[in-house]
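Residue numbers (this note's numbering): 3 to 272.
To keep things clear, I will list the structure first and then write my remarks on it.
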């Protein structure tokens, strides 16, 4: 059975401070905006909590130490050779509030999921990175390919990705998709409402050349289409407020195509 461990924002920051590490942020922290004194109080309380859990201890020589398995998790989060950022759509429209991240080193990887100010850390073998990312994003060989490319205005696409309800999504697309057959637009609208994912891979090698890859798509019973990264959270604020109203083409993709793209990164991580 897979094991995970959970820390609050303050506990993770306290661990990083004790270990002299720097854990990358995922979204806002409950420590944001606090005065120096108040922040110190919160970190002190977090250290006390970690001591009560047996994670932080004082040695007979008076040194403060972190349990080795936890220290290793924090080290992997702080110094990965590759990071995988995963955004998923939420039912009803829009994207998840926080990305999931996978920190990768050759020996092991750590999945970090942030929910309600808590960081759930799950270690797993780096050889499983591809399988793990595919499972988290529902990228399987059973995902059917869309029947044709769809050209749509970027603003209409952004509205469709934020809309709630398939009827509203379909109307946004029909108003901006020109001569696209209605059946294709219906399948695309269903895909937008059924499932979406955006993945960013970034290597930070200790030697050799770095590389990056971004991939986003929507998928439903009637097919899958690739999304422009600019329409996803991978683009930051630009993804939520596109400028102009140029046209973009959503090309059909299938599960096998997505898996091949993921496999190139999975091979690099292993």
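Note that beta-carbon positions come from the ideal geometry of N, C-alpha and C, so glycine has one too.
Scanning its chain for C-beta atoms nearer than 8 Å, with the 5 sequence neighbours on each side dropped, one finds around residue 18 the residues 24, 25, 76 and 80, in chain order. Secondary structure note for residue 125: its beta strand (DSSP E) is the uninterrupted segment 120-126. For residue 13, the enclosing alpha helix (DSSP H) stretches over residues 11-21.
By the Cβ test, the segment 79-95 is not in contact with the segment 31-42, since fewer than three Cβ pairs between them sit closer than 8 Å.
In the DSSP assignment, residue 66 forms a beta bridge with 60. Residue 6 has its alpha-carbon roughly 27 Å from the corresponding atom of residue 42.
Straight through space, the alpha carbons of residue 56 and residue 206 are spaced by roughly 33 Å. Going by C-alpha positions, residue 4 is about 19 Å away from residue 69. When rounded, the separation of the alpha-carbon atoms in residue 252 and residue 155 is 11 Å. Here residue 117 is exposed. Its C-beta has fewer than 16 other C-beta atoms within 10 Å. Per DSSP, residue 107 lies in no alpha helix (DSSP H) segment and is marked neither H nor E. Residue environment analysis places residue 132 among the buried positions, since at least 16 neighbouring C-beta atoms fall within 10 angstroms of its C-beta.
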